[in-house]
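Below is one structure, written out as structure tokens; the observations come after it.
Given below as structure tokens:
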């Protein structure tokens, strides 16, 4: 037996072929009720407006298709440097194009599929452009045009300077920008003064610029290794790696040179250590390096030259050590110190374990103690074996690992043991723990079977008992033990009807299903139709077929057609009646029915559809008195009250083409006489609805505010006039140095004059046309003027007068002061401004306060120099002047006012030597030649600003 899938509702078929669709073919032949006829579009057409199929309906007819196969244009033409967006190509559709990267569209980017299946002509194109201009370091883009030959203009950032060519790039025909020929070089700010150095000239401030400095007298570069230079770095900051420090001068003789304070002796000796530098000024450090295979211990490895000109004591040592530790087979040492008394520890590599204490010791003879330990080989942890667990293992060479199979598995192959081999791997697995399914339950309606095994993959074969069969029929009656240890049972043994379904005259069974609950489906043949039932019988629970309640009844063919009418769909079996209806604009004459006779033919058609006209058309402003819409019938009209019949008689005729003849008459409505208007005459007398009455202005008036007519409206009244005939003034008077165009001269018009170029009005330049038809008096003149007064740095204009002879007055702003003249310029007779003789000079703020100085006053403009004076009893340590710099700030104050003594006293037969007279300064006396010094020749300027006593003599 073979089971065939069938649909229960296939109880009839559509006799006629599916309807034809232009350029569409049916691709299948199914025509039972519920089947669909599927269409395919040919001749380069595409499916539109529907699913592309029709269904055989329950009345055994096909519905009208809702879709069509529409003609289309070919693949759209290509576009240089662009492409079309994919879309439908049917008649009337539009395709849009896009340009590729670095191209822009010129024109409307669309083509249209025309009725002749060709595209409209391409009238657009893709114009090449350049990408966005490149980034140039330390600049921004002011503007750019990325068309071919367009330019991009750049502007250097603040604190940079333009170098090379102009800051412009050009978009080339290759769609790339021209080579960059300029550079915005970053620069540092104006450097601050470096204390204790002479002023220098700054030639440039760009990155990499080096400024050379010189220390002032009695100062020197610190540290001595540095050159007194400052460099402008990449971060736009000045690198100043030096200082100018004061040096202590020791005067031994009048001609002796100045010396720095140093440590006279060499740095202290350290065993196995050598000094690697020679610096020995106070504050310098002597750096040591350990030699002879020793290492630095217990300190930083240097000593310092102290202020008492002696070296600090070393707190470190260079300690002896052992050589690199010996290697260990299959292991390695942990890095650590190797000095005398230190211990080194060892670790074994993977798959080795330590035997013995893994340490050696650095002895006093600089050798290591002997290695008494070793690394023993082992295997890794035993491997995982599926569906088992490890009972125990020993991973030494020749050790074993013992396994145990899990519950619901069975041991297959050799014993569950692995051995650790000398190669440090486990022996090959020779066993398997095979998973199995539980004992299967009995399957209903099958014979008992023997179960040979239950392991994964086992297949059990079953047989259905009598009067039962496998369901579904596509399956084999087998059960399989799956990986999840469950039995897979994909079938059932179901009861069946053994006998064939009952025979029906003119009916055939279309399927072979026979399980209990299945139905056998019948199809009527020999031009019969299903009547009185669902068209199937069922296999019942007692395994017999139900009795059929239906039959396949004979019928007449499709009803004959009727000119200008159609039949109403209905059954066509013997004794049935079909009714007809007429199309629009036809009426039935006779009884519209035919009858299906016993010989399966229809009775004769004795009726027909007679043509008529539609209802007569509406004619404006009239009504229909009567009409007959048969061919050659007439319709009579009557004009409404308050209208007049114009043209022919008010009658229309029903023509053989089933339309009415054209109206040859008209019912026209009238208005009263058109209204009279001031200063206006009527030029015509038409007054039907829709006519216009036209006026013309008289008595030297002009038309204003609209067309000069009114209209007879549908309510038979005239529209309100929107115009008037207005009185006017003569041509306006001429004014010197003006230009004008006369437009409107009517009462109330304001006439504006315009001064010629280079002139401006002295007041409002207007006149008005007055009610007496005269212009108001001209009360202005056009006088020559200058352009706007010039903009000057740090100056604001306080007035806007600019007639010839006027002055523009300025005031200084931004904390600047007026210099060199009165703050104004004059508009001269040649209409240019006189040259300014003044400037607003920027200035510095109030000078800083310095302790122990007298108040300082004076000009504060750029370049001004102010000099401080120390109060009585004080003296300046260096130059006491400050300068107002270009940036509007004072230069640094580089001096102080300290207490001073008077000039050292004169001592007979001596010469005195001193640098200054500040408190704490010394003055040293030297006896004249041939005299001997006795006592201390030095005196000191004391806190009370007097010198200490002279306590020596020259004998």
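Numbering (the numbering used here), first residue to last: 2 to 956. Virtual Cβ for every residue (Gly too), placed ideally from N, Cα, C.
In this model, residue 593 and residue 115 are separated by some 47 Å (Cα to Cα).
Nearest neighbour of residue 62 by Cα position, chosen from 919, 624 and 34, turns out to be 34. Less than 8 Å separates the beta-carbon of residue 623 from that of residue 640. In the three-state scheme derived from DSSP, where H, G and I count as helix and E and B as strand, residue 348 is classed as strand. Separation of residue 785 and residue 757 (C-alpha to C-alpha, rounded to the nearest whole angstrom) is 9 Å. Judged by DSSP secondary structure, residue 508 falls within the beta strand (DSSP E) whose first and last residues are 508-510.
Here residue 404 carries a strand assignment [DSSP, helix/strand/coil]. Ranked by how close their Cα comes to the Cα of residue 401, the residues 595, 416 and 486 have 416 in first place. The beta carbon of residue 293 is closer than 6 Å to those of 273 in its chain, skipping five residues each way along the sequence.
Rounded to the nearest whole angstrom, the CA to CA distance from residue 644 to residue 716 is 12 Å.
Contact fails between the region 94-112 and the region 39-49, because fewer than three Cβ pairs, one in each stretch, are under 8 Å apart. Judged by pairs of C-beta atoms under 8 Å, the region 324-331 touches the region 360-375, as three or more such pairs exist. If the five residues before and after residue 388 are omitted, its C-beta is found closer than 8 Å to the C-beta atoms of 406, 407, 410, 434, 435 and 436, all from its own chain and listed in chain order.
In the DSSP annotation of this structure, the continuous segment of the beta strand (DSSP E) that includes residue 126 starts and ends at 126-129.
DSSP places residue 613 in the strand class (E or B) of the three-state scheme.
In the three-state reduction of the DSSP assignment, residue 890 falls in the coil class, being assigned neither a helical nor a strand state. A residue is called buried when at least 16 other Cβ atoms come within 10 angstroms of its Cβ; residue 32 meets this threshold and is buried. If you compare the alpha carbons of 199, 139 and 213 with that of residue 205, the shortest gap goes to 213. For residue 753, the beta-bridge partners assigned by DSSP are 767.
In the DSSP assignment, residue 399 falls outside any beta strand (DSSP E), carrying neither H nor E.
The DSSP-derived three-state label of residue 213 is strand. In the three-state scheme derived from DSSP, where H, G and I count as helix and E and B as strand, residue 515 is classed as coil. Contact between residue 610 and residue 566 holds: CB atoms are separated by about 5 Å, below the 8 Å threshold. Contiguous beta strand (DSSP E) elements confined to the region 563-620 occur at 566-568, 578-583, 587-590, 594-596 and 609-612, taking only those with 3 or more residues.
Only residues of its own chain outside the window of five on either side were considered, and among them 498, 500, 502, 503, 521, 538, 539 and 540 have a CB closer than 8 Å to the CB of residue 546, listed in chain order. Between the alpha carbons of residue 518 and residue 536 lies a gap of roughly 16 Å. Straight through space, the alpha carbons of residue 825 and residue 864 are spaced by roughly 25 Å. DSSP places residue 68 in the coil class of the three-state scheme, outside both helix and strand. For the pair residue 888 and residue 165, the Cα-to-Cα distance works out to about 27 Å. Between residue 228 and residue 240, the C-beta gap is not smaller than 8 Å, which leaves the two residues out of contact.
Within its own chain, the residues whose Cβ lies closer than 8 Å to the Cβ of residue 139, once the five positions on either side in sequence are excluded, are 157, 158, 161, 185, 186 and 187, listed in chain order. Residue environment: residue 684 is assigned as exposed (fewer than 16 neighbouring CB atoms within 10 Å of its CB, all protein chains considered).
For a cut-off of 8 Å, the C-beta gap from residue 764 to residue 754 is around 11 Å, too long to register as a contact.
Within the model, the alpha-carbon separation for residue 98 versus residue 111 is close to 6 Å.
Counting along the chain, residue 700 sits inside no beta strand (DSSP E), nor does DSSP assign it H or E at all. Annotation: the continuous beta strand (DSSP E) that includes residue 481 extends over 479-482.
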